[in-house]
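Asker: Quick note, my numbering runs 25 ahead of the 1-based positions in the first sequence. Virtual Cβ for every residue (Gly too), placed ideally from N, Cα, C. Computed from a predicted structure; not experimentally measured. Provided herewith is a single structure, encoded as structure tokens, for subsequent inquiry.
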Amino acid sequence: MHCESIVMVAQPQSDILRQSDPEKLHRLRHSVSHILAMAVQKLYPETKVTIGPAIENGFYYDFDRTEGFTPDDLKRIEKEMRRIVQQKLPMERVEVPREEMRERLVALGEPYKLEIFEGFDPMVPVTLYKTGEWWDLCAGPHVESTSEINPQAFKLRSVSGSYWRGDQSKQQLQRIYGTAWETPAQLEEFLRREEEAKKRDHRKLGKELGLFTFSDLVGPGLPLWTPKGTILRYTLEEFLRKEQVKRGYQQVVTPHIARVDLFKTSGHWFKYKEDMFPLMNTSEDGTGEEGFVMKPMNCPFHIQIYKSELHSYRELPIRYAEFGTVYRYEQSGELGGLTRVRGFTQDDSHLFVTPDQLEDEFKKVVDLIQFVFKALQLDEGFSARLSFRDPTSDKYMGSDEIWEKAESAIRKAALDMGIPHFEALGEAAFYGPKLDFLFRDALGREWQLGTVQVDYNLPERFELEYVSEDGSRKRPVMIHRAPFGSLERLIGILIEHYAGDFPLWLAPVQVRILPIKDSVFGYCEALKDRLIGLGMRVEVDTSAESLKKKIRNAELGKIPVMVIVGEKEAAENTANLRVRGKENQEELTVDALIAYLSERIEKRI
RNA sequence: GCCGAUGUGGCUCAGGGGUAGAGCAUUCGAUUCGUAAUCGAACGGUCGCGAGUUCGAAUCUCGCCAUCGGCUCCA
26 MHCESIVMVA QPQSDILRQS DPEKLHRLRH SVSHILAMAV QKLYPETKVT IGPAIENGFY
86 YDFDRTEGFT PDDLKRIEKE MRRIVQQKLP MERVEVPREE MRERLVALGE PYKLEIFEGF
146 DPMVPVTLYK TGEWWDLCAG PHVESTSEIN PQAFKLRSVS GSYWRGDQSK QQLQRIYGTA
206 WETPAQLEEF LRREEEAKKR DHRKLGKELG LFTFSDLVGP GLPLWTPKGT ILRYTLEEFL
266 RKEQVKRGYQ QVVTPHIARV DLFKTSGHWF KYKEDMFPLM NTSEDGTGEE GFVMKPMNCP
326 FHIQIYKSEL HSYRELPIRY AEFGTVYRYE QSGELGGLTR VRGFTQDDSH LFVTPDQLED
386 EFKKVVDLIQ FVFKALQLDE GFSARLSFRD PTSDKYMGSD EIWEKAESAI RKAALDMGIP
446 HFEALGEAAF YGPKLDFLFR DALGREWQLG TVQVDYNLPE RFELEYVSED GSRKRPVMIH
506 RAPFGSLERL IGILIEHYAG DFPLWLAPVQ VRILPIKDSV FGYCEALKDR LIGLGMRVEV
566 DTSAESLKKK IRNAELGKIP VMVIVGEKEA AENTANLRVR GKENQEELTV DALIAYLSER
626 IEKRI
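The structure is reproduced here in structure tokens:
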């Protein structure tokens with residue numbers, strides 16, 4: 026059954042939610058957002074309208090109103106919307122001369138609309154859409170009449186704050202979110218599917234499966250890993266560590282805190298201070314900026330290791346790898362589950378290469394990341410984002426020339442390797458461009474996992490060198506990379522991706538032996554010891570429950586393999602295999618069971 | 001950080017100004033069972049924390065903390 030739900034996610038084209046023409050749905054949703062604004066202004070006339078676009082699965086509208094909207098208000102508004110829709114009003118497009126439009130907006134007293142209007146290209150004709158007595162400055166398109174909107178196929182969902190023009194320094198607005206579909210059946214299906222998605226939310230499953238926990242006393246955004254969750258972490262670490270060693274990485278270990286001077290040299294203290302935990306001031310009088318900080322990044326530490334001796338070009342590329350835990354002071358409203366935390370462990374590595382080696386080494390890193398994602402069965406769900414700088418912004422370190430070099434190297438690697446990608450301006454780190462691998466969680470939110478970043482800036486700031494062929498000192502280029510991104514986020518994504526049904530090699534408990542009666546306990550314990558001796562994670566369910574109950578518990582615990590043992594098995598030195606999610610069973614010799622388990626663990630299936 | 005909602009035993013939730021309730025889990029007892037819930041009993045909560053209103057607060061008010069949905073920001 027869990028497998029089926031994965032298939033469902035993978036092939037959304039065939040389902041009822043995809044039957045509607047996307048263009049048409051978009052128009053419908055945009056129109057419903059207009060009806061929302063109309064209803065709000067009818068019920069709360071002091072409210073000013075701003076913008077209200079169609080979005081994935083629905084729409085929102087941002088209003089300027091002193092009081093917030095309560096859930097009861099939403100019900101009232103929704104009712105009013107239905108009433109409006111049922112009047113079957115035409116939604117008319119009217120082209121209006123610019124001067125007239127300005128006058129109309131001034132007369133209407135809609136400052137935000139006026140601001141939008143003033144920003145328009147004077148050459149483009151301006152339009153408004155009229156629904157009954159109400160009208161809104163809008164380019165459209167909309168449905169022709171509210172009769173095209175099914176009053177039972179939309180729903181207001183939540184209220185939240187937002188900012189005018191998305192700018193924190195500007196007016197705070199009230200945003201109402203809604204969902205809208207062509208038919209009530211689609212709406213129901215959407216809501217049902219959302220319920221399903223919530224069931225695989227890693228926060229819920231993590232608690233149910235006992236993988237991690239949080240404590241108010243420890244603090245927000247600081248996960249505590251239980252024994253079961255720790256197995257996931259260690260297994261993933263071990264997997265990557267081995268692969269990296271094969272690929273020429275060397276492991277290093279660095280502390281969690283450092284003098285603030287380290288981050289002043291790196292530039293983090295100036296560009297990243299807001300995101301760092303505050304300074305632990307150890308100066309005599311407690312003033313000034315002396316002392317230690319928690320590390321928000323590992324790179325400056327690895328750089329110090331590089332700098333501890335002189336390197337020849339013959340040694341390069343040098344690849345230092347560390348599962349390094351970093352601490353970032355995220356805004357309180359940003360925290361959530363394992364995907365956004367304040368302390369997390371990066372599978373970090375810093376590569377020091379000659380300029381000539383950059384492209385080749387970059388490709389090797391991308392290859393490693395692809396290898397990792399394939400092993401985790403995540404290779405179908407990702408997209409790669411080439412995160413470049415916003416050329417109009419000045420928040421970046423380093424010269425234009427350096428940036429252009431780095432960006433073109435990344436673009437070339439992505440093209441040469443044929444990875445599906447898109448370019449995003451303004452998404453770069455302040456010290457260099459990135460190639461980021463993105464995933465969606467069960468609730469459709471996009472998260473960044475793996476990342477590769479080219480960095481010409483830190484080598485400059487720390488004055489890194491290597492001795493070149495001709496004996497001169499040259500500056501290496503750095504690559505920062507983390508295939509997992511962070512262990513925390515990766516595990517959060519994996520919990521949702523597998524819906525808690527971890528493949529055998531990752532499962533915290535791989536095998537649970539279920540004795541049918543007390544008399545076979547001895548046989549079960551012996552079998553357990555043998556499997557544990559082979560490195561497997563095994564338990565015996567010695568509770569005084571019925572077999573049915575033991576099976577149920579193992580299924581709910583999402584344990585991949587059940588081994589059922591009764592008198593028959595104990596007498597014949599066999600085991601009865603029942604695989605999670607499957608009702609059929611198989612009677613195996615113990616040796617065959619071991620072969621079955623070993624093969625699957627080895628192949629990571 | 002901002003807007004809104006929520007916060008009752010380990011978990012899921014009911015109750016709502018007058019001495020805390022259920023199911024699951026846990027413990028104990030009985031049951032020894034062949035593929036998704038055996039029966040019974042017991043234990044367990046100063047109702048997130050702190051003030052205030054009140055004869056009396058889990059319930060009303062305020063502040064704080066945390067969580068959730070968003071905004072802004074990122075692995």
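1) Should the region 400–407 be called in touch with the region 372–390, which here means at least 3 C-beta pairs below 8 Å?
2) What does the alpha-carbon distance come out to for the pair His-55 and Gly-517?
3) To the nearest angstrom, how far is it from the Cα of Gly-510 to the Cα of Phe-348?
4) Report the partner residues of Val-645 according to the DSSP bridge assignment.
5) With DSSP as the reference, identify every bridge partner of Ser-544, one or two as the case may be.
6) Grouping DSSP H, G and I as helix and E and B as strand, with all else coil, what is Gln-38?
7) Measuring alpha carbon to alpha carbon, tell me which of Lys-298, Glu-315 and Asp-300 ends up nearest Asn-306.
8) Which residues in the same chain as Ala-164 place their Cβ atom closer than 8 Å to its Cβ, once the five residues preceding and following it in sequence are excluded?
9) Can you tell me which of the three DSSP states Lys-100 falls into?
10) So for Leu-557, helix, strand or coil by DSSP?
11) Whose CA, out of Leu-230, Asp-415, Glu-384 and Pro-96, lies closest to the CA of Gly-203?
12) Is Pro-47 buried or exposed, if buried means 16 or more other CB atoms sit within 10 Å of its CB?
13) Please list the terminal residues of the continuous alpha helix (DSSP H) segment that includes Val-65.
14) DSSP on Ala-205, reduced to helix/strand/coil?
15) Taking just the CA atoms, how far does Val-565 sit from Arg-218?
16) Which residue wins for smallest C-alpha separation from Glu-485, given the options Asp-495, Met-503 and Ser-493?
17) Suppose contacts are defined by Cβ-Cβ distances below 8 Å. Is Phe-605 in contact with Ile-584 by that definition?
18) Please return the same chain residues whose Cβ sits closer than 6 Å to the Cβ of Pro-533, not counting the five positions on each side in sequence.
19) For the alpha helix (DSSP H) holding Leu-531, just list the boundary residues, first then last.
20) Within the chosen definition, does the region 193–209 reach the region 89–105 through at least 3 CB pairs nearer than 8 Å?
21) Let's test the definition: count the other Cβ atoms within 10 Å of the Cβ of Gln-535 and tell me whether it reaches 16, buried, or not, exposed.
22) Would you mind stating whether Ser-374 and Tyr-345 have Cβ atoms separated by less than 8 Å?
23) What distance in whole Å lies between the Cβ atoms of Met-106 and Ala-79, which are believed to be in contact at a cut-off of 8 Å?
24) Whole-angstrom Cβ separation of Arg-5 and Gly-246, contact assumed at under 8 Å?
25) Do you know how far the Cα of Leu-261 is from the Cα of Leu-572?
26) Where does Glu-488 sit, in a helix, a strand or coil, going by DSSP?
27) Which residue's Cα is closest to the Cα of Thr-364: Phe-237, Phe-546, Ile-102 and Lys-332?
28) Measuring CB to CB, does Leu-613 end up less than 8 Å from Ala-595?
29) At what residue ranges does the region 362–404 contain a whole run of the beta strand (DSSP E), taking only runs of 3 or more?
30) In its own chain, which residues sit with a C-beta less than 6 Å from the C-beta of Leu-265, not counting the 5 before and 5 after it?
31) What separation, rounded to the nearest whole angstrom, lies between the Cα atoms of Gly-157 and Gly-134?
32) Three or more beta-carbon pairs under 8 Å between the region 425–433 and the region 460–477, yes or no?
33) Where do the N-terminal and C-terminal ends of the alpha helix (DSSP H) with Trp-428 fall, by residue?
34) Would you kindly work out how many angstroms separate the C-alpha atoms of Gln-610 and Tyr-297, rounded to a whole number?
35) So, are the CB atoms of His-59 and Tyr-154 less than 8 Å apart?
36) Should the region 444–452 be called in touch with the region 488–504, which here means at least 3 C-beta pairs below 8 Å?
Answerer: Taking the definition as stated:
1) No: the two stretches stay apart, fewer than three of their Cβ pairs being nearer than 8 Å.
2) Each residue's alpha carbon lies about 34 Å from the other.
3) Using only the alpha carbons, I get a separation of about 10 Å.
4) No information on residue 645 is available, as it lies outside the stretch 26 to 630 that the chain covers here.
5) DSSP output for Ser-544 lists no bridge partner at all.
6) In this predicted model, Gln-38 has a pLDDT of only 43, less than 50, meaning its place in the structure is not dependable; the value taken from the coordinates is given anyway. Correct three-state label for Gln-38: helix.
7) A check of alpha carbon separations from Asn-306 across Lys-298, Glu-315 and Asp-300 identifies Glu-315 as the nearest.
8) So the list reads Thr-152, once near-sequence residues are dropped.
9) Helix.
10) Looking at the sequence provided, one finds Ile at residue 557 rather than Leu. Residue state for Ile-557 is assigned as helix, using DSSP reduced to three classes.
11) Per the Cα distances, Pro-96.
12) Exposed, by the Cβ-count rule.
13) Val-65: member of the alpha helix (DSSP H) spanning 47–68, first to last residue.
14) Ala-205 falls in the strand class under three-state DSSP.
15) Our two residues, Arg-218 and Val-565, have alpha carbons roughly 36 Å apart in a direct line.
16) Considering only alpha carbons, the answer is Met-503.
17) Position check: residue 605 holds Arg in this sequence, whereas Phe was assumed. Going by C-beta atoms, Arg-605 is nearer than 8 Å to Ile-584.
18) Closer than 6 Å at the Cβ level, and outside the excluded window around Pro-533, lie Lys-253 and Ile-256.
19) Leu-531: not part of any alpha helix (DSSP H); DSSP gives it neither H nor E.
20) Taking 8 Å as the limit for Cβ pairs, the verdict is that the region 89–105 does touch the region 193–209.
21) Residue environment for Gln-535: buried (at least 16 other C-beta atoms within 10 angstroms of its C-beta).
22) Ser-374 is a Cβ neighbour of Tyr-345, given a cutoff of 8 Å.
23) That pair is no contact at about 15 Å.
24) Because the chain spans 26 through 630 in this model, residue 5 falls outside it and cannot be assessed.
25) Near 33 Å, if we compare the C-alpha coordinates of Leu-261 and Leu-572.
26) The answer is coil: DSSP assigns Glu-488 none of H, G, I, E or B.
27) It is Phe-237.
28) No.
29) Fully enclosed beta strand (DSSP E) runs of 3 or longer: 368–378.
30) The beta carbon of Leu-265 sits closer than 6 Å to the beta carbons of Asp-372 from its chain, once the five residues preceding and following it are set aside; these are given in chain order.
31) Straight-line Cα distance between these residues: approximately 19 Å.
32) As far as the Cβ criterion goes, the region 425–433 does not touch the region 460–477, which means the pair count is below three.
33) For Trp-428, the enclosing alpha helix (DSSP H) starts and ends at 425–442.
34) Each residue's Cα considered, the two are about 57 Å apart.
35) For the 8 Å CB-CB criterion, His-59 and Tyr-154 form a contact.
36) Remark: fewer than three beta-carbon pairs, one from each stretch, lie closer than 8 Å, so the region 444–452 and the region 488–504 are not flagged as touching.
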